[in-house]
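Residue numbers (the working numbering), protein chains in the order written: chain A, 239 to 535; chain B, 713 to 1028.
The beta carbon of each residue, even a glycine, is placed where N, CA and C say it ideally should be.
Presented below is the structure to which this report refers.
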């Protein structure tokens, strides 16, 4: 049962990561690959605060959310000031740089990892309670992103993504909208990091490397960008695949590259043959004439 | 206070080891200049180049010159395939620059995982040993690797700049880089120019990886970190300025190597990300030196201003 709970939690966390990344790359049109590093920042912040500073776990998790949010703004502000292309390059440098930093400083546990992270809820209410907590956060994140995408703000996001010049010409500030989207999406990744740290209770920098970037990107591209259910389908599918491969009893030196090949290979195939993913996005502007007609009446 | 001999030794070694960084930066900057693509698939071509040489030298036990020819063949073939199968198809579909970037990044990752599966995740070198005999010149040790590396890099750069300056294809490349649509209007075959650009870039990558692989250990993911250095140098050199990228790579490599005098060696890798961050935040358009005032500009400055053009109504 513990194994099953572990799988449900990991799939749930990847749904949060893929859904929040979809907000950034799909709805916002911002290409960054640094999502795992915000996941890492949330995990490390929550773990360090709760273990070394005895901050209550719930507060530590919230701190993880805010640290990831602030770090993402610090990354996005200078790079978006220049152009969207720079966010992409800066995100690679930021991810590798932060991981290098985590490996070299003592208080994070270095390359050996951070251990003895305090558990949350499990001792008092059992593992089921943590599964329910994760599922509740998953549902909340999906609803939040769905609500944002369908709100007026979501339509403004689509306008900004599809034609930034026209968007700016009507007096809207594209840069702050991008920063807000990037900050919220990264903050949610930080929250997922906190949830991860207090269940598995051991984190290492290796868990947040480029393989994770490929995995999350694959979930969104294969599932379907700019859709509510696309990242959910992508996360379920791509978490089921490694579980299936793990039954082959391959050594870790072979298993890792095979997983990586699967993730990157799937993205490449989908980019050429089904760029819309498994769940196709609806045309956001299709409803516009009807809405206009309603407005005229 | 550091001994002057140590400083000179570090400076010399830094200049020698900057050669491959310069070649990678030139390869990246050239593709960005002409095709306007952030070609992170260059990391894949680096990986292919290195493991080709590795197989030829370590597995087949053939000489280094054969390994270099094989590397050149595979890098040119990979560059050709990337342009014709990847970039051309994506251009035809009119996808965004970001989409192309994700494609190039995924290609690099795919090749890195493939290399990890076939060759393992432990570090490898082209030759069984990285030891190069050294000769003392004054008090400075000059290794048997240094002079060929500097000489071949200088020759490759001279050949490139000569090609760009004196050949029709080179001039066409400059034309396409400046305005691809106007160049096409003048009958320049953009398709051919993009392919030639990718092939030249592949040749630079081949030489750079041969130098790197004979001096340092390579992992399947080494290409990506080498790429980041090239990106930082390209941004600092000024996008579209291949010579600027080469000079920036040289300066950054010297700073990174010389940093051993002031910071612990485990932080040297971190410096790369600091460079990248500073390049994006403070020098997004490149480092610009103040222009030297030419006689022509002085003369034109002293000339009286031309009369203002009459307004459109009065012309009508």
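Measuring alpha carbon to alpha carbon, tell me which residue in the options is nearest residue i.
i: residue 350 of chain A; options: A:292, A:444, A:287; result: A:444
i: residue 961 of chain B; options: B:907, B:715, B:720, B:733; result: B:733
i: residue 414 of chain A; options: A:427, A:278, A:394; result: A:394
i: residue 787 of chain B; options: B:814, B:991, B:915; result: B:915
i: residue 436 of chain A; options: A:276, A:298, A:240; result: A:298
i: residue 819 of chain B; options: B:805, B:832, B:791, B:808; result: B:791
i: residue 934 of chain B; options: B:824, B:807, B:764, B:784; result: B:824
i: residue 906 of chain B; options: B:965, B:795, B:771, B:769; result: B:795
i: residue 841 of chain B; options: B:926, B:959, B:762; result: B:926
i: residue 520 of chain A; options: A:421, A:468, A:311; result: A:468
i: residue 815 of chain B; options: A:455, A:241, A:292; result: A:455
i: residue 433 of chain A; options: A:276, A:339, A:333, A:332; result: A:276
i: residue 495 of chain A; options: B:811, B:886, B:833; result: B:833
i: residue 936 of chain B; options: A:334, A:460, A:358; result: A:334
For residue i, which residues from the same chain have a beta carbon less than 6 Å from its beta carbon, with the 5 sequence-adjacent residues on both sides left out?
i: residue 835 of chain B; result: 929, 931
i: residue 246 of chain A; result: 369
i: residue 398 of chain A; result: 405, 412, 415
i: residue 856 of chain B; result: 844, 845
i: residue 847 of chain B; result: 854
i: residue 780 of chain B; result: 922
i: residue 764 of chain B; result: 782, 783, 786
i: residue 952 of chain B; result: 745
i: residue 882 of chain B; result: 875, 876
Can you name, in chain order, every residue of its own chain whose Cβ lies under 8 Å from the Cβ of residue i, other than the five neighbours on each side?
i: residue 1007 of chain B; result: With a pLDDT of 48 at residue 1007 of chain B, under the threshold of 50, the modelled position of that residue is not reliable, and the figure given next carries that caveat. Closer than 8 Å at the Cβ level, and outside the excluded window around residue 1007 of chain B, lies no residue.
i: residue 380 of chain A; result: 253, 257, 466, 470
i: residue 307 of chain A; result: 421, 422, 424, 425, 428
i: residue 737 of chain B; result: 941, 942, 945, 946, 949, 957, 958, 960, 961
i: residue 972 of chain B; result: 722, 980
Does any C-beta atom of chain A lie closer than 8 Å to the C-beta of residue i?
i: residue 1016 of chain B; result: Below a pLDDT of 50, predicted positions are generally treated as unreliable, and residue 1016 of chain B, at 46, falls in that range; the measurement from the model is reported next regardless. So, not an interface residue.
i: residue 746 of chain B; result: no
i: residue 952 of chain B; result: no
i: residue 992 of chain B; result: yes
i: residue 989 of chain B; result: yes
Apart from the five residues just before and just after residue i, which ones in its own chain have a Cβ nearer than 7 Å to its Cβ?
i: residue 250 of chain A; result: 372, 373, 376
i: residue 969 of chain B; result: 722, 725, 726, 729
i: residue 757 of chain B; result: 787, 790, 791, 914, 917
i: residue 500 of chain A; result: 479
i: residue 753 of chain B; result: 794, 816, 819, 820
i: residue 474 of chain A; result: 249
Using a Cβ-Cβ distance under 8 Å, would residue i count as near chain B?
i: residue 255 of chain A; result: no
i: residue 278 of chain A; result: no
i: residue 538 of chain A; result: Look at the range of chain A in this structure, 239 to 535, and you will see that residue 538 of chain A is not part of it.
i: residue 368 of chain A; result: no
i: residue 413 of chain A; result: no
i: residue 362 of chain A; result: no
i: residue 502 of chain A; result: yes
i: residue 468 of chain A; result: no
i: residue 222 of chain A; result: In the structure as shown, chain A starts at 239 and stops at 535, and residue 222 of chain A therefore has no counterpart that could be examined.
i: residue 396 of chain A; result: no
i: residue 495 of chain A; result: yes
i: residue 448 of chain A; result: yes
i: residue 492 of chain A; result: yes
i: residue 258 of chain A; result: no
i: residue 284 of chain A; result: no
Does the Cβ of residue i lie closer than 7 Å to at least one heavy atom of the ligand COA?
i: residue 454 of chain A; result: Only the bare structure without any ligand can be found here, which leaves the ligand COA out of the picture.
Hey, does residue i have any beta-carbon neighbour from chain D nearer than 8 Å?
i: residue 274 of chain A; result: Given the protein chain composition of this structure (A and B), no chain D is represented.
*Please list the residues of the stretch 812–830 of chain B that have a C-beta atom closer than 8 Å to any C-beta atom in chain A, keeping them in chain order.*
813, 814, 815, 817, 818, 819, 821, 822, 824, 825, 826, 828, 829
_Near-chain A residues of the stretch 968–987 of chain B (beta-carbon distance less than 7 Å), N- to C-terminal order_ = 978, 979, 981, 982, 985
*Mind checking the stretch 478–490 of chain A against chain B and listing, in chain order, the residues whose C-beta falls within less than 9 Å of any C-beta there?*
none
_Under 8 Å (Cβ pairs) to chain B, residues found in the stretch 423–435 of chain A_ = none
*Any contact of the stretch 277–292 of chain A with the stretch 337–346 of chain A, i.e. 3+ C-beta pairs under 8 Å?*
yes
*Using a Cβ-Cβ cut-off of less than 9 Å, give me the residues of the stretch 916–949 of chain B that come near chain A, in sequence order.*
Going along the stretch 916–949 of chain B in chain order, one finds 932, 933, 936, 937, 939, 940, 943, 944, 947 with a Cβ nearer than 9 Å to chain A.
*Near-chain A residues of the stretch 747–771 of chain B (beta-carbon distance less than 7 Å), N- to C-terminal order*: 750
*Residues in the stretch 831–852 of chain B with C-beta within 7 Å of chain A's C-beta atoms, listed in sequence order?*
Listed in sequence order: 832, 833.
_Cβ-based contacts, 7 Å cut-off: residues of the stretch 323–336 of chain A near chain B_ = 323, 324, 326, 327, 328, 330, 331, 334, 335
_Interface positions of the stretch 336–353 of chain A facing chain B (Cβ-Cβ less than 7 Å), listed along the chain_ = 338, 339, 342
*asked:* Residues of the stretch 508–522 of chain A in Cβ contact with chain B at a cutoff of 9 Å, in chain order, please.
replied: 509, 510, 513
*asked:* For the stretch 982–995 of chain B against the stretch 942–952 of chain B, do three or more pairs of beta-carbon atoms, one drawn from each stretch, fall closer than 8 Å, so that the two count as touching?
replied: yes
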